[in-house]
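Contents: one structure, followed by commentary.
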Amino acid sequence: MTRYAKPKSLDEALALLSEGSWRVLAGATDVYPALGNRPLYFDVIDINGIGALRGITESDNHFVIGARTSWTEIIQAPLPPAFDALKQAAREVGSVQIQNVASIAGNICNASPAADGVPALMILDAEVELRSRHEMRILPLGAFIIGNRRTKLREDELVTALRIPKASTGGGSAFVKLGARRYLVISIAMAAARVVLGTDGRIASAAISVGSCSAVARRLHALEAALVGHRPEVAETAVQAAGLDELSPIDDVRGSAGYRRSAAREIVARALLLATHGSQRRTAA
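End of the sequence shown sits at 1255 in our numbering; the numbers just go up one at a time, nothing left out.
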């Protein structure tokens, strides 16, 4: 017999998690489709009654996005231009109905290589806040997701928030997704970029992440470093010359490895161009 619990507080949820193996349920937009025709066979903790896990707040050094915060809430939130990529990715998470209920923490805990939110969070240097009954841990998002459907979340832990360092919210950003059709599609490749321009108009810093081209989304650190000090006009040339060695695309029904690598170059260039325009607007303002 399966068990169902709907705690009203974080402490109650963590106490339950410390007692045995549970599946945490938030938006449930991945859980039920994955079941197919099978009956529910695991114990469920429904965290939708915990109001403290929802919403976006600011501390002195971070923007803090609660684990239950929906993609619609992120789209509507007044956030700096550096979050534009995350908002654009949010609009790609299924339909509007899905965006209204799916949670940001569910997107990262599902750990799909094609999770739309992950590249956009990675260019913001997002950190994952994890709590158990006895401690709190904070891991970089890139260290939290360790493989296809694999994370460092322990059975007694709950993801309670995504933390975005304010030091990583400069400049403009953009997200570009390639799929077999325009809407409601799993990506073939996707890219997020954040660009900060100096007073001389040259690239002071860049953050670039590519998803669906490796088991987990990857930051392109070599390309980021190569762009610093150059004018934005050279970005496309630099992207085309880059080896993109961080990526390890596969062949599947949506595209070949070679096509994915070629597509990644194109959408990275587009994301950089759009992010640069956003940074220029911010500088002009």
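Yeah, the Cβ is synthetic: ideal placement off N, Cα and C, and Gly gets one too.
On a predicted model such as this, the values are computed, not experimentally measured, just so you know.
Could you tell me the distance, in whole angstroms, from the CA atom of residue i to the CA atom of residue j?
i     : j     : result
G1025 : I1035 : 6 Å
S1138 : P1009 : 44 Å
A1245 : L1167 : 10 Å
L986  : A1131 : 19 Å
L1190 : G1171 : 22 Å
T1027 : E982  : 23 Å
A1081 : R1120 : 6 Å
I1259 : S1249 : The structure shown does not extend to residue 1259, since the chain spans only 971 to 1255, so no value can be given for it.
V1180 : R1231 : 10 Å
P1089 : R973  : 35 Å
P1202 : L1243 : 8 Å
Q1046 : R1224 : 32 Å
Q1058 : W1041 : 10 Å
G1021 : Y1229 : 44 Å
V1071 : L1214 : 35 Å
A1196 : R1152 : 32 Å
L1193 : P1110 : 20 Å
Y1002 : S1182 : 23 Å
V1165 : G1140 : 8 Å
A1096 : E1043 : 18 Å
F1053 : N1031 : 16 Å
Q1067 : K976  : 23 Å
Answer with buried or exposed for residue i, where buried requires no fewer than 16 other C-beta atoms within 10 angstroms of its C-beta.
i     : result
I1108 : exposed
T999  : buried
L1259 : Residue 1259 lies beyond the residue range present for the chain, which begins at 971 and ends at 1255; the question has no answer from this structure.
D1086 : buried
M1106 : exposed
E989  : exposed
A1060 : buried
D1126 : buried
A1069 : In the sequence as displayed, the identity of residue 1069 is Gln instead of Ala. Under this definition Q1069 is a buried residue.
S1065 : exposed
F1012 : exposed
V994  : buried
G1199 : exposed
A1150 : exposed
I1116 : exposed
Look at residue i and residue j and say whether their C-beta atoms are less than 7 Å apart.
i     : j     : result
A1163 : I1178 : yes
L1148 : I1237 : yes
I942  : T1039 : Summary: the structure shown does not reach residue 942, with the chain confined to residues 971 through 1255, and so no result is reported for it.
A1185 : N1118 : yes
F1114 : A1055 : no
A1239 : V1204 : no
A1159 : A1233 : yes
L1094 : V1129 : no
R1235 : L1217 : no
R1124 : L984  : no
A1004 : L1023 : no
Can you give the beta carbon distance from residue i to residue j, rounded, assuming they're within the 8 Å contact cut?
i     : j     : result
G1142 : P1048 : That pair is no contact at about 16 Å.
A996  : G1076 : 5 Å
A1084 : I1134 : Rounded, the Cβ-Cβ distance is 22 Å, inconsistent with contact.
I1220 : A1211 : I1220 to A1211, Cβ: 24 Å. No contact.
K1136 : F1033 : 7 Å
G1019 : K978  : 5 Å
Tell me where the alpha helix (DSSP H) around residue i begins and ends.
i     : result
H1032 : Element bounds for H1032: not the alpha helix (DSSP H) but the beta strand (DSSP E), H1032 to G1036.
V1209 : A1205 to A1211
A1055 : D1054 to A1060
E1043 : W1041 to Q1046
L1111 : L1111 to F1114
V942  : Because the chain in this structure spans residues 971 to 1255, residue 942 falls outside the shown range and cannot be described.
Looking at the secondary structure, which residues open and close the beta strand (DSSP E) in which residue i lies?
i     : result
P1135 : L1128 to P1135
T1027 : I1026 to E1028
E1216 : Element bounds for E1216: n/a, residue is neither H nor E.
G1087 : It is not in any beta strand (DSSP E) - G1087 instead sits in the alpha helix (DSSP H) that spans G1087 to M1092.
D981  : Per DSSP, D981 belongs to no beta strand (DSSP E); it is in the alpha helix (DSSP H), L980 to L987.
E1097 : E1097 to R1101
Cβ of residue i less than 7 Å from any chain D Cβ?
i     : result
R1164 : Among the chains in the structure shown there is no chain D, since it carries only a single protein chain.
Is any heavy atom of the ligand ADP found at a distance shorter than 6 Å from the C-beta of residue i?
i     : result
S1218 : Looking at this structure, you won't find the ligand ADP or any other ligand, since it has none at all.
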